[in-house]
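Novice: Before I ask anything, let me first share the structure, which is written out below as C-alpha cells.
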Amino acid sequence: MKHHTEPYVSTTNACKLCKPLGACLAFRGMEGAIPFLHGSQGCATYMRRYIISHFREPMDIASSSLGEKHAVYGGGPNLKLGIKNVLTKYHAGLIGIASTCLTETIGDDLPMIVREFHGDFPDLLHEHGDPSIVTVSTPSYSGTHMEGFHDAVRATVDQLAVADFPNGRVGVFPGFLSPSDIRYLKEVLDDFGIPATILPDISLTLDGPALDEYEKIPRGGTPISEIKSLGGARSVIEFGRTPARKGTAGTLLESRFGIPLHSIGTPIGLRESDRLFEVLEELSCRETPERHMLARGRLIDSFVDGHKYVFGKKAVVYGEGDLVVGLTSFLAEVGIKPVLCATSTRTGNLERAIGDVLEEFTLASPLVKEGVDFYEIAEEAESLEPDFIIGSSKGYHLARRWNVPLIRVGFPIHDRFGGHRMLHIGYAGAQSLFDLIVNTLIERKQEQSPVGYTYI
Amino acid sequence: MGSTIFSERQNQIVRKGKEPFQIACNKDSLAGAVSQRACVFCGSRVVLYPIADALHLVHGPIGCAAYTWDIRGALSSGPALHRLSFSTDLQEKDVIFGGEEKLERALLELIERHDPKAAFVYSTCIVGIIGDDLDAVCNRVAARKGIPVLPVQSEGFKGNKRAGYNAACKAMFRLIGTGDTSDISPLSINILGDFNLAGEIWIIREYFRKMGLQVVANITGDGRVADIQRAHGAALNVVQCSGSTMDLALMMKEQYGTPFLRVSYFGIEDMAESLYKIADFFLEQDPGMLDRTAALVKEEVDVIYPELLKYRNDLTGKKAAIYVGGAFKAFSLVKAFRLLGMDVVLVGSQTGTEEDYQELSEITDDGTIIVDDSNPLELSSFLQEKDVDVFVGGVKERPIAYKLGVGFCDHNHERKEALEGFVGMLNFAREIHSSVLSPVWRFVPRKTGKKTLQSMRKAEPAS
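In C-alpha cells form, the structure reads like this:
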C-alpha cells in the first residue's frame, strides 16, 4: 500500500453510516415514539437490520414507502397516509419523522406537510391523544449518523420545549451511548439526588426484558412531558467535545431560555469522568457520594496494578468523534500511546479536542484524521504498527490482517454478543474498559508465549 | 388481534379453510406499516454481490453501501473483492452539480487499484432523481480500461426487491455471450439462484460432479465474471429462488434458446426431485446419469436419515412459522418441517405472487395463516395466537420471535450453517432442534405468565 497525498475520490469500507440512522436511534430513546423515515422502503429496512444486529432488540421504523410516482409528484400524500396509519396502529406519543436523500432532493417540505396534516386531521390527532410530531432534515449526502443523531435531538427540543416555570430539573444530552451507559448515568444522577431529563434515553427501549406481549412501542424513553418542560430546566449538561458549539440542543436551550449550559467531554476515563462528577457536585451542592468515590479509588488502584501491562502500547482509535476523544483521553492516562485517532465525521474540531485531552501527556501525539474511511485508516496505521485497535466491530478486517486484537466498543458490534450492554462512561465504565484492555493484552502475550505461563 | 391489522391489508392475509383460496399480493407496501421489505437496490445488490472478482461500486450517498458491506455470507473460493464496500459517497455539491464526474474518477481509481474483471455500478434513489447518465460514464470507463463496466438500474424507489432482481439480471445478461464456449461439454449446466451462503454451492456442485455434469457458471454464488461471460454455452439452466434469477433464465431462453428447470436444494424431497429432474433432462445424451443420481441420492439419504429420525422424535407436533423473502423457499420449508413431524401454522413472504400463494395453500393444512408483505405487529400477533415453537425468517424477524420467547432459525443471507443439499437438511433439523429443545423457554413470560418470583418458583416445571 503506497502512501498517498491526494484525497481519494472513492470511499472504501466506510467508517460512518447515513444521517437518518442516527435520527432513528435518537427518536427510539423518546417515550412512546415511533421513528418514521420519509423515503423509499429500503432505507427503513436496511437501518432496522443494521440496528437490530447490534442491539438484538426489535426496532420498528415506519416508512412512507415512496414509489416512482411519489418521487415525481411529491411524497406528501404518502407521508400523510403513513402518519395516519402510524397514529391508528401504534398509538404513538411522538412521531419522529426524518427525511432521506430522496425526499430532500425532490424538495418535500416536511414541516409544511406536517402543518397541513395538523390542519387536515385535527380530530384524528385528538382522538389519538394529540401526539407530538417532530421533523428533522437528514439528507444522507450531508453529514453522518452522528450529525443525524444530534440534529434529531436538537429538532425535538426546538419543536417541543416551551418556556416553563423553573422546575428544578437538569437536562442531560448524553449523545449516542449504550443502554448500559444511560442506566449508569441515571444511577449516578439519582445518587446525587438530581432530578434529570436525559434525552434520549435508550436504556430500556433498546435493552428491554423478555415479554409475553409484543410491545408496539417499547417501554421507556424520555417522557415527552419532560422534553416539553426542558424550557424550565435549571441547568443543562451536554456531552461531547466535537459537535459544533452552535446548533446543539444544549446551546439552543441556553440561547432561547437562558439556561446555563455545562458542556463537557463524553465522560470516558478518569479525568473526563471527574469533570462530570465535578459538575454534578456543583449542581447538587453535594460531595460525590461515597460509592462513586470508592469506585474512583478502586479504578486508580487498578491503574497502578495494571500499569506495566499496558505502558507504551500503541493503539489505533476510530469511530464517532466524541467516542474517539474520550477513548484517547483514557488510553493516554493509563500510559497507552494513541497513534492514530480517526473519525469519519468532518466537524473540524477533532484535532483541537484531542489536543485538549492530551495536553498534560507529552508522550502521546497521535495522528488525527477526520473524514476517513477504513481504507485510509489502514493506510495510515500500517506503518504505525499498533498493538491493538479500538472501535466498532467494523474494524475487524484490519485487526485480522495485522494480527492484533480488536477491542470492541461503541456501535456497531455485529460480531460479538452483548455489545449493547457495554459500559463506557464514568468510573465504572473506565474500570470495565481497563480490565478489558489489560486482559486482552495479557491473553495475547500468554497465547504467543512458548512457556504457557499460569501466573501473569 | 383485529387491532393489529390494517384494514387495507386484510385481503393480504388468509386463513386456509374451506373457502376457495384468494389472496391479494404484489402490491406496494402500505405507508406507515413497517414492511419487512427492502428496495430495488437491495434486490440488485444481493443478487450480484457474490460475484467475487467484480468491483461493486454503489453510486449514491454512503448509507446504501454501508448497510450492504459484507452483508451476505456468500463465500468465494478465490478472490474476495465482493466483500469490500465501495461508494461514491455523494455529497451535497454532487447532488447539486451532478455526480457523473465523481463517478468516473472513482471508477478509474478503483479499477486501477483492484484490477477487477468487471465493474457493476449501482444506481441509488438519488441518482435516479439527479439524472446522472450512468450508461455514458460506464461506456467511457469500459473503453478506457478494457473491462466490462455495467450500470445496474437499481434506484431504490422504482419498485420493490423484485424490480432489483430484474435490474441485476439485465446487467448480467450484458456479460453473457461474450466468452469462449468451445470447451463446454454437452452435459453442462449453469447454476442460477444460488448464492453460496455458508458454502452451499460447493455441496451442490459436488452432486452435479458425481452425476457427470459440467457446471459452466455459478450465478452468482462463488461467481466469476469469465464464467458468466460464457454461460450461454451451457446446455441447461437450473434455476433456484423463484424471483432472483428467473428473469435471466427467461432472457437466455429467448436469446440463446437455453432451456431451464426450476429446482430447490432445500429438504430431502425437493433436493432429490431436483437432481432427478436434471438427470431426466439429459436422459437421451447420458442414460446412465439417472442411475448415478439414484445412487447418489441413496448414499446421501442413508447417511442422514437415521440422524433425522432422532430429531424428529423430539420435534413431532411442535409448531413452526415461516416468513421469508421469496415464496419459493417457503415451499421447501413447509415440506422440510413436515418431514420433521412439525406443523406449519404460519407461512408468508415479502414478495410472493398469486401462483406462489396458491401453491402454498395447496401444501399447507387447514387453519394455516398465509400472509403477504407482513409487518412486526401482525407477525407478533400470529406468533402469539398460534403459540409457535420456532419461527424461520431473517435478521429483522429474529427479535420479534426472541422478544416473545419463541425459538428462531435464520434462513436468510446471514446464516453460517449450510442448509442446502442433503447434509443441509440435517443441519436445518439440528438448528431447529437446538432452538426448540433449549431449556430457556421455560423461563420466558410467555410460559410463566406475569407472576411474582415466589409463585414462579412453585410453578416451575421439574426438569
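Protein chains in written order, with the working numbering: chain Y, 91 to 546; chain D, 342 to 804.
In this text, a Cβ means the ideal position worked out from N, Cα and C, and glycines have one as well.
Chain D partners of Asn103 (chain Y), CB-CB under 8 Å?
Specialist: What you label residue 103 (chain Y) is simply residue 13 of the first sequence in a count that begins at 1. Result: Trp410, Leu425 and Ser426.
Novice: Can you tell me whether Val394 (chain Y) is buried or exposed, with buried defined as 16 or more other CB within 10 angstroms of its CB?
Specialist: Here the question's residue 394 (chain Y) lines up with position 304 in the first sequence. Label assigned to Val394 (chain Y): exposed.
Novice: So what does DSSP say about Met236 (chain Y), is it helix, strand or coil?
Specialist: On the first sequence, residue 236 (chain Y) is found 146 positions in, with the first residue counted as 1. In the structure shown, Met236 (chain Y) sits in a helix (DSSP, three-state: H, G or I).
Novice: Along chain A, in chain order, which residues have C-beta atoms closer than 9 Å to that of Phe461 (chain D)?
Specialist: No chain A appears in this structure, whose protein chains are Y and D.
Novice: Can you list the residues of chain D that Ser374 (chain Y) reaches, using a CB-CB cut of under 7 Å?
Specialist: Within the first sequence, residue 374 (chain Y) is the residue found at index 284, counting from 1. Those do not exist, as Ser374 (chain Y) stays about 35 Å from chain D at its closest Cβ, beyond 7 Å.
Novice: Less than 6 Å between C-beta atoms, sequence neighbours within five positions excluded: which residues of the same chain meet that for Glu441 (chain Y)?
Specialist: Position 351 of the first sequence, counted from the first residue, corresponds to residue 441 (chain Y). So the list reads Val458, once near-sequence residues are dropped.
Novice: Let me check understanding here. Comparing Cα to Cα, which of D:Glu696, D:Leu602, D:Met683 and D:Gln570 lies closest to Val580 (chain D)?
Specialist: On the second sequence, position 239 is the one that residue 580 (chain D) refers to. Here the closest residue by C-alpha is D:Leu602.
Novice: Return the bridge partner residues of Cys375 (chain Y) from the DSSP annotation.
Specialist: By 1-based counting over the first sequence, the position of residue 375 (chain Y) is 285. Answer is none; Cys375 (chain Y) lacks a bridge partner.
Novice: Apply the 10 Å Cβ neighbour rule to Asn175 (chain Y) and answer buried if 16 or more other Cβ atoms are within range, or exposed otherwise.
Specialist: The residue given as residue 175 (chain Y) occupies position 85 in the first sequence. Asn175 (chain Y) is buried by the Cβ-count criterion.
Novice: Express the C-alpha separation of Ala251 (chain Y) and Ile272 (chain Y) in angstroms, rounding to a whole number.
Specialist: Along the first sequence, read from residue 1 onward, the residue named residue 272 (chain Y) stands at position 182. Along the first sequence, read from residue 1 onward, the residue named residue 251 (chain Y) stands at position 161. Looking at the two C-alpha atoms, the distance is approximately 22 Å.
Novice: Give, in chain order, every residue of the region 726 to 740 of chain D whose Cβ lies closer than 9 Å to some Cβ of chain Y.
Specialist: Per Cβ criterion, the list reads Gly735, Val736, Lys737, Arg739 and Pro740.
Novice: Can you list, in chain order, the residues of its chain whose CB lies under 6 Å from that of Gln131 (chain Y), leaving out five sequence neighbours each side?
Specialist: In the first sequence, the residue the question calls residue 131 (chain Y) occupies position 41. Here the set comprises Ser153 and Ser155.
Novice: With a cut-off of 8 Å on the beta carbons, I'd call Ser776 (chain D) and Val729 (chain D) a contact; round off their distance for me.
Specialist: Start at 1 with the first residue of the second sequence, and residue 776 (chain D) comes out as number 435. Start at 1 with the first residue of the second sequence, and residue 729 (chain D) comes out as number 388. Not really, about 11 Å apart at Cβ, beyond 8 Å.
Novice: Let's see if you can read the secondary structure: which residues bound the beta strand (DSSP E) around Tyr463 (chain D)?
Specialist: If you number the second sequence from 1, residue 463 (chain D) lands on position 122. Looking at the DSSP string, the run of the beta strand (DSSP E) that includes Tyr463 (chain D) is Ala459 to Ser464.
Novice: Does DSSP put Asp412 (chain Y) in a helix, in a strand, or in coil?
Specialist: In the first sequence, counting from the first residue as 1, residue 412 (chain Y) sits at position 322. Correct three-state label for Asp412 (chain Y): helix.
Novice: Pull up the CB-CB distance for Ala575 (chain D) and Ile619 (chain D), whole angstroms please, since I reckon it's below 8 Å.
Specialist: Position 234 of the second sequence, counted from the start, is the residue given in the question as residue 575 (chain D). Position 278 of the second sequence, counted from the start, is the residue given in the question as residue 619 (chain D). Going by Cβ atoms, the distance from Ala575 (chain D) to Ile619 (chain D) rounds to 12 Å, so no, they are not a contact pair.
Novice: Can you give me the C-alpha to C-alpha distance between Glu589 (chain D) and Gly598 (chain D), rounded to a whole angstrom?
Specialist: In the second sequence, the residue the question calls residue 589 (chain D) occupies position 248. In the second sequence, the residue the question calls residue 598 (chain D) occupies position 257. Note on residue identity: the sequence assigns Leu, not Glu, to residue 589 (chain D). If I take the Cα positions, the gap works out to 12 Å.
Novice: Mind checking who Glu328 (chain Y) pairs with in its DSSP beta bridge?
Specialist: The sequence position of residue 328 (chain Y) within the first sequence is 238, counting from 1. For Glu328 (chain Y), which the question treats as bridged, DSSP gives the partners Y:Phe263 and Y:Ser353.
Novice: What first and last residue would you give for the beta strand (DSSP E) that runs through Ala182 (chain Y)?
Specialist: For this step, residue 182 (chain Y) is matched to residue 92 along the first sequence. First-last for Ala182 (chain Y): undefined, no H or E at that position.
Novice: Between the alpha carbons of Arg436 (chain Y) and Leu111 (chain Y), how many angstroms are there, rounded?
Specialist: Translated into the one-based positions of the first sequence, residue 436 (chain Y) becomes position 346. Translated into the one-based positions of the first sequence, residue 111 (chain Y) becomes position 21. Looking at the two C-alpha atoms, the distance is approximately 17 Å.
Novice: Quick one: what's got a C-beta closer than 7 Å to Ser293 (chain Y)'s C-beta in the same chain, skipping five residues either side?
Specialist: Counting from one through the first sequence, the residue named residue 293 (chain Y) turns up at place 203. If we look at Ser293 (chain Y) and ignore the five residues flanking it on each side, its Cβ neighbours are Pro269, Ile272, Arg273, Lys276 and Gly310.
Novice: So if I threshold CB-CB distances at 9 Å, which residues from the region 457 to 484 of chain D count as touching chain Y?
Specialist: Cβ contacts with chain Y come from Thr465, Cys466, Ile467, Gly469, Ile470 and Ile471.
Novice: Examine chain Y for any beta-carbon lying closer than 8 Å to the beta-carbon of Asp713 (chain D), and answer yes or no.
Specialist: The count along the second sequence starts at 1 and reaches residue 713 (chain D) at position 372. Chain Y contact via Cβ: absent.
Novice: Please state if the CB of Gly485 (chain Y) and the CB of Pro357 (chain Y) are separated by a distance shorter than 8 Å.
Specialist: On the first sequence, position 267 is the one that residue 357 (chain Y) refers to. On the first sequence, position 395 is the one that residue 485 (chain Y) refers to. Taking 8 Å as the Cβ cut-off, Pro357 (chain Y) and Gly485 (chain Y) do not qualify as a contacting pair.
Novice: Between the Cα of Ile479 (chain Y) and those of Y:Ile284, Y:Val429, Y:Asp302 and Y:Asp505, spot the shortest distance and give me the residue it belongs to.
Specialist: Numbered from 1 along the first sequence, position 389 holds the residue referred to as residue 479 (chain Y). Checked all of Y:Ile284, Y:Val429, Y:Asp302 and Y:Asp505; the closest Cα to Ile479 (chain Y) is Y:Val429.
Novice: Measure the C-alpha to C-alpha separation of Glu96 (chain Y) and Ser473 (chain Y) and round it to an integer number of angstroms.
Specialist: On the first sequence, residue 96 (chain Y) is found 6 positions in, with the first residue counted as 1. On the first sequence, residue 473 (chain Y) is found 383 positions in, with the first residue counted as 1. Going from the Cα of Glu96 (chain Y) to the Cα of Ser473 (chain Y) covers about 18 Å.
Novice: Using the DSSP secondary-structure output, state which residues sit across from Pro502 (chain Y) in a beta bridge.
Specialist: Locating residue 502 (chain Y) in the first sequence gives position 412, counting from the first residue. None, per the DSSP bridge assignment.
Novice: Give the secondary structure of Ala161 (chain Y) by DSSP, where H, G and I count as helix, E and B as strand, and everything else as coil.
Specialist: Here the question's residue 161 (chain Y) lines up with position 71 in the first sequence. Ala161 (chain Y) falls in the helix class under three-state DSSP.
Novice: Do Leu200 (chain Y) and Pro230 (chain Y) have their beta-carbon atoms positioned less than 8 Å apart in this structure?
Specialist: The residue labelled residue 230 (chain Y) in the question sits at position 140 within the first sequence. The residue labelled residue 200 (chain Y) in the question sits at position 110 within the first sequence. According to the sequence provided, residue 230 (chain Y) is Ser. The question's Pro does not apply to it. Contact: no.
Novice: Flag Asp302 (chain Y) as yes if its beta-carbon sits less than 8 Å from any beta-carbon of chain D, otherwise no.
Specialist: Taking the first residue of the first sequence as position 1, residue 302 (chain Y) is located at position 212. Taking Cβ atoms only, chain D reaches closer than 8 Å to Asp302 (chain Y), which makes this a yes.
Novice: Leu491 (chain D) by DSSP, collapsed to three states: which one?
Specialist: Residue numbering aside, residue 491 (chain D) sits at position 150 when the second sequence is read from its first letter. The answer is strand: DSSP assigns Leu491 (chain D) an E or B state.
Novice: Let me make sure I understand the geometry here. Which of Y:Val278, Y:Cys133, Y:Phe126 and Y:Leu370 has the alpha-carbon closest to that of Ala379 (chain D)?
Specialist: As a working note, residue 379 (chain D) is residue 38 in the second sequence. Checked all of Y:Val278, Y:Cys133, Y:Phe126 and Y:Leu370; the closest Cα to Ala379 (chain D) is Y:Cys133.
Novice: So Gln432 (chain D) contacts chain Y; which residues on that side make the cut at Cβ distance below 8 Å?
Specialist: As a first step, residue 432 (chain D) is located in the second sequence; it is residue number 91 there, counting from the start. What Gln432 (chain D) touches in chain Y: Tyr231 and Ser232.
Novice: If the criterion is Cβ atoms closer than 8 Å, does the pair Gly689 (chain D) and Arg503 (chain D) meet it?
Specialist: Locating residue 689 (chain D) in the second sequence gives position 348, counting from the first residue. Locating residue 503 (chain D) in the second sequence gives position 162, counting from the first residue. Going by C-beta atoms, Gly689 (chain D) is not nearer than 8 Å to Arg503 (chain D).
Novice: Are any of the Cβ atoms in chain Y nearer than 8 Å to that of Ile403 (chain D)?
Specialist: For the purposes of this step, residue 403 (chain D) is taken as residue 62 along the second sequence, with counting starting at 1. At least one chain Y Cβ lies under 8 Å of Ile403 (chain D).
Novice: Going residue by residue through the region 554 to 625 of chain D, where are the continuous beta strand (DSSP E) segments of at least 3 residues, counting only ones entirely within it?
Specialist: DSSP runs (the beta strand (DSSP E)) wholly in the region 554 to 625 of chain D: 555 to 561, 577 to 580 and 601 to 603.
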